[in-house]
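Trainee:
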Amino acid sequence: MQTLTTPQSPDLIQPTSKFLEIDQVTKVYPSAQGDHTVLDGVDLTVSEGEFICVIGHSGCGKSTLLNMVSGFAQPTSGEVRLKGERIVRPGPDRMVVFQNYALLPWKTAFENIYIAVNAVYPEKSKPEKVEIVQKHLAMVGLEEAAQKKTGQLSGGMKQRVSIARALSICPEVLVLDEPFGALDAITREELQEELLKIWAEQQVTVMMITHDIDEALFLADRIVMMTNGPAAKIGEIMEVHFPHPRNRTQMMEDPAYYTLRNRALDFLFGRFALHTDE
Ligand SMILES: Nc1ncnc2c1ncn2[C@@H]1O[C@H](COP(=O)(O)OP(=O)(O)OP(=O)(O)O)[C@@H](O)[C@H]1O
Ligand SMILES: [Mg+2]
214 MQTLTTPQSP
224 DLIQPTSKFL
234 EIDQVTKVYP
244 SAQGDHTVLD
254 GVDLTVSEGE
264 FICVIGHSGC
274 GKSTLLNMVS
284 GFAQPTSGEV
294 RLKGERIVRP
304 GPDRMVVFQN
314 YALLPWKTAF
324 ENIYIAVNAV
334 YPEKSKPEKV
344 EIVQKHLAMV
354 GLEEAAQKKT
364 GQLSGGMKQR
374 VSIARALSIC
384 PEVLVLDEPF
394 GALDAITREE
404 LQEELLKIWA
414 EQQVTVMMIT
424 HDIDEALFLA
434 DRIVMMTNGP
444 AAKIGEIMEV
454 HFPHPRNRTQ
464 MMEDPAYYTL
474 RNRALDFLFG
484 RFALHTDE
């Protein structure tokens, strides 16, 4: 595995602690044609408060990997650990946001979040739970839409509800599986900026899958690039040293941005994208 660092001076101190550990993880699915090895020996240590983006071709095993962090799936061999504890099931310390929102469409935005808060904090009083819901609706700018059924909200608003719901129970790790994949470009950029703001405020550790290299460069401290399957592994980890809070325009004016972008495209497609015709 190689690690590429931006040519710029690093303003961000590289975290070194072992918070979330993916330790020699292999995942094999049995099939009629025999065993199908999806992931083969994936190793990654994520520090508390880091923002990691995972990129790789469709079907390489990104969701499979993050499902093992969420606890929805178990490694065939190896371990995933959070603060030294082996992850064996889903839990409120690790919340997931999916591309398709996974909301109850007949319930309001408020109710969708309240149900999660109520399930995790049954001992809290009703006013306390209502306050948590309202605080998180405000965090994603949805106070006005609180009483709307989520089935009637736009895609961007639905994803705001999903993010608010995930954060309302104060997870230590936020797992996002292509959360903005279904959104138009403008809504997507707005939500990226909101997500970065929330990440900085809440100091949550994020693992996010995306197919969009510019999204990964804008958000991530490190971009984990998976090799093609079967038997995918981490091919390269790219450190993104642009300081926070990030300004998209400034970042895109920096030649280092294109060095990183080309490196990622080269990894994924085996070429330097800006020079293909030369
Ligand atoms: N429950 C399962 N049983 C058998 N095979 C599975 C299962 N889940 C995933 N796979 C297989 O594992 C491989 C990786 O799937 P996964 O969904 O992790 O890929 P991905 O990188 O997230 O792809 P995409 O970018 O399209 O979402 C695929 O070949 C898929 O068919
Ligand atoms: Mg996937």
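Going left to right, the sequence shown walks through residues 214 to 491 as this note's numbering numbers them. Using N, Cα and C, we set each Cβ at its ideal position, and we do this for glycine too.
#1: Sorted by chain position, which residues of the same chain lie with C-beta nearer than 6 Å to residue 311's C-beta, five sequence neighbours on each side aside?
#2: The alpha helix (DSSP H) with residue 364 in it runs from where to where?
#3: So is the beta-carbon of residue 446 under 6 Å away from any non-hydrogen atom of ligand 1?
#4: Within this structure, are the beta carbons of residue 265 and residue 386 separated by less than 7 Å?
#5: Around ligand 1, what residues have a beta-carbon under 5 Å from a heavy atom of it, in chain order?
#6: Is DSSP giving residue 322 helix, strand or coil here?
#7: For residue 388, tell me which candidate among 242, 245, 276 has the shortest Cα-Cα distance.
#8: By how many angstroms is the C-alpha of residue 459 removed from the C-alpha of residue 191?
#9: On the three-state DSSP scale, how would you describe residue 491?
#10: Count Cβ pairs between the stretch 273–293 and the stretch 450–466 that sit closer than 8 Å; are there 3 or more?
#11: In terms of DSSP beta bridges, what is residue 301 paired with?
#12: Excluding the 5 residues flanking residue 472 on each side, which residues of the same chain have their C-beta closer than 6 Å to its C-beta?
#13: Using 7 Å as the limit for Cβ to Cβ distance, is residue 465 near chain D?
#14: Which of helix, strand or coil does DSSP assign to residue 243?
#15: For residue 373, which residues of its own chain have a beta-carbon under 6 Å away from its beta-carbon, when the five flanking residues on both sides are left out?
#16: Can you list, in chain order, the stretches of the beta strand (DSSP E) that have 3 or more residues and sit fully within the stretch 416–475?
Mentor: This is what the structure holds:
#1: 390
#2: Element bounds for residue 364: n/a, residue is neither H nor E.
#3: no
#4: At the C-beta level, residue 265 and residue 386 stay beyond 7 Å of one another.
#5: 242, 251, 271, 272, 273, 274, 275, 276, 277
#6: Secondary structure of residue 322 (DSSP, three-state): helix.
#7: Cα-wise, what sits closest to residue 388 is 276.
#8: Coverage of the chain is limited to positions 214 through 491, which leaves residue 191 absent and any answer about it impossible.
#9: Its pLDDT being 36, under 50, residue 491 is placed unreliably in this model, and the value from its coordinates should be taken loosely. Coil, per DSSP.
#10: no
#11: Within the DSSP bridge table, the entry for residue 301 names no partner.
#12: none
#13: No chain D is present in this structure, which holds just one protein chain.
#14: strand
#15: 353, 355
#16: 418–422, 435–439, 447–452
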